[in-house]
Amino acid sequence: ASLGLVTVDNLIDTLTAHPWELLYLSAVTTALANWIQAKAQRNVTAERASVIYAMDPVWGAIWSNLLLGETLTGFGVIGAGLITIAAATNAFLDLGAKGGDDKEESSSADNKA
């Protein structure tokens, strides 16, 4: 009976048995995805980026359903719906204060003068 513990022998066996899969997971799905994210994030506001990142679990659920046939429970559907509503609300309604950055810049400029 295995307890699912990770041992050095298990790790070495996995590394030698699946080198291409591990290379793909580390290079493409992690390093490349983070590099693309960092490049693209330069072109959007912090608020917009937070909305995009908040939708990540929803997109994951959609793709896992389309590609793997996985299904969500009722709570999963409710959660995905709440995340989508929050993201849509943030995208269509600007609930933040306007001009807040300008006030900070002008006050810091006044302090330097």
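FYI, the numbering used here numbers position 32 of the sequence shown as 1298, with every residue one higher than the one before it. Beta carbons are placed, not taken as given, at the ideal position from N, Cα and C, and that holds for glycine. Here the structure is a predicted model, which is why all the values come from computation and not from measurement.
Using a Cβ-Cβ cutoff of less than 6 Å, which residues in the same chain neighbour residue i once the five nearest sequence positions on both sides are dropped?
i       : result
Met1321 : Ala1353
Leu1298 : none
Tyr1290 : none
What are the boundary residues of the alpha helix (DSSP H) that includes residue i?
i       : result
Arg1308 : Neither: Arg1308 is in no alpha helix (DSSP H) and is coded neither H nor E.
Glu1287 : 1285-1292
Ala1354 : 1340-1358
Leu1333 : 1322-1334
Thinking residue i and residue j are a contact (beta carbons under 8 Å), I'd like their distance in whole angstroms, please.
i       : j       : result
Gly1342 : Ala1357 : Wrong, their Cβ atoms sit about 22 Å apart, outside the cutoff.
Leu1281 : Leu1288 : 7 Å
Ala1346 : Val1324 : 5 Å
Asn1331 : Thr1339 : Actually they do not touch by this definition, with Cβ atoms about 12 Å apart.
According to the neighbour-count rule (16 or more other Cβ atoms, all chains shown, within 10 Å of its Cβ), is residue i buried or exposed?
i       : result
Ile1344 : exposed
Asp1368 : Note that Asp1368 scores a pLDDT of 48, beneath 50, so its modelled location is shaky; the value from the coordinates is reported in the next line. Classification for Asp1368: exposed.
Near residue i, what residues of its chain come up, given a Cβ to Cβ distance below 8 Å and the 5 sequence neighbours on each side ignored?
i       : result
Ile1349 : Ala1320, Met1321, Pro1323, Val1324
Val1310 : Ile1318
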